[in-house]
Amino acid sequence: SIVDERKFMAIGGRSETILTLLKKEIPHTCPSLKEALTLCQHAFEQGADSRSNLEGLEVALLDRTRIGRRFRRVPILEATQILA
Numbered sequence: 000s001i002v003d004e005r006k007f008m009a010i011g012g013r014s015e016t017i018l019t020l021l022k023k024e025i026p027h028t029c030p031s032l033k034e035a036l037t038l039c040q041h042a043f044e045q046g047a048d049s050r051s052n053l054e055g056l057e058v059a060l061l062d063r064t065r066i067g068r069r070f071r072r073v074p075i076l077e078a079t080q081i082l083a
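The sequence shown maps to residues 0 to 83 in the working numbering.
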């Protein structure tokens, strides 16, 4: 299933659980990319009741300034470096 909110979106089997966790924890101001990824990783872990492996996550960023395809996939290596 797909759950779409103003600041985030969750796609997949546990998206409702992840959405509930994100709604509780997401700050009112826009978090940094590292804060956002950390929050999403935590919500994913809580929804799955296990420690996440970044290889199990697919991360994409919406860039409203891009022309054409506005989402940019974040490779696992880049996500790992951001979370380090």
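Here a beta-carbon is modelled for each residue, glycine too, at the ideal position from N, C-alpha and C.
From a predicted model like this one, the values you see are computed outputs, not experimental measurements.
- Per DSSP, the continuous alpha helix (DSSP H) segment holding A78 begins and ends at 75-82.
- For L60, the pairing in a beta bridge is given by DSSP as R71.
- The Cβ-Cβ distance between L32 and I81 falls below 9 Å.
- Contact between F43 and I10 does not hold, since their C-beta atoms are separated by about 12 Å, which reaches or exceeds 8 Å.
- Taking the CA atoms as reference points, E34 sits about 15 Å from A59.
- Rounded to the nearest whole angstrom, the CA to CA distance from A83 to G67 is 31 Å.
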